[in-house]
Amino acid sequence: MDSQFDLAVRSLLSALEWLTVWDGKVSLGMFLKYWRLLSGTQFPGEDRGYQEVVTQLYRVRRSIVYDQFFIRITDWELPLGKPISLDFLRSIGGLKENS
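For the sequence shown, position 1 (counting from the first letter as 1) is numbered 2 according to our numbering, and the numbering increases by one without interruption.
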């Protein structure tokens, strides 16, 4: 079973891959920028440098870092838990939805 963290990472990667549909490449910088924007916090290990971020991403099932700069997900299907993972992102930074 996937953790909420794994679901959050893959949900964000899935959304970003749609934004870059012309080449499907999501850069590490783009991923980190949107993670901070959506969660209001740094990605785990970001304060310890690039290699620590890559290490964290390798721990996420079905994620892959290639060319030492781009991130992809493999065999992705939208899970039923996607709304839960977005809630997880919001809970990290204490973000509230506008009603």
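Note that beta-carbon positions come from the ideal geometry of N, C-alpha and C, so glycine has one too.
Legend entry - Collapsed DSSP secondary structure at residue 61 in the structure displayed: Looking at residue 61 - three-state DSSP - the assignment turns out to be coil, as it is neither helix nor strand.
Legend entry - Reference residue 9, options 71, 55, 32, closest by Cα: Of 71, 55, 32, the smallest CA-CA separation from residue 9 is found for 32.
Legend entry - Proximity winner among 49, 45, 19, 35, relative to residue 61 (alpha-carbon distances): The closest CA to that of residue 61, considering only 49, 45, 19, 35, is found on 45.
Legend entry - Own chain partners of residue 72 with C-beta closer than 8 Å, once the 5 adjacent residues on each side are dropped: The answer, listed in chain order, is 14, 27, 28, 29, 32, 58, 64, 65, 66.
Inset, instruction - Identify, in the order they occur along the chain, each residue of the same chain with its Cβ nearer than 7 Å to the Cβ of residue 17, setting aside the five sequence neighbours on each side. - result: Once the five neighbours on either side are set aside, the close Cβ partners of residue 17 are 27, 31, 32, 35.
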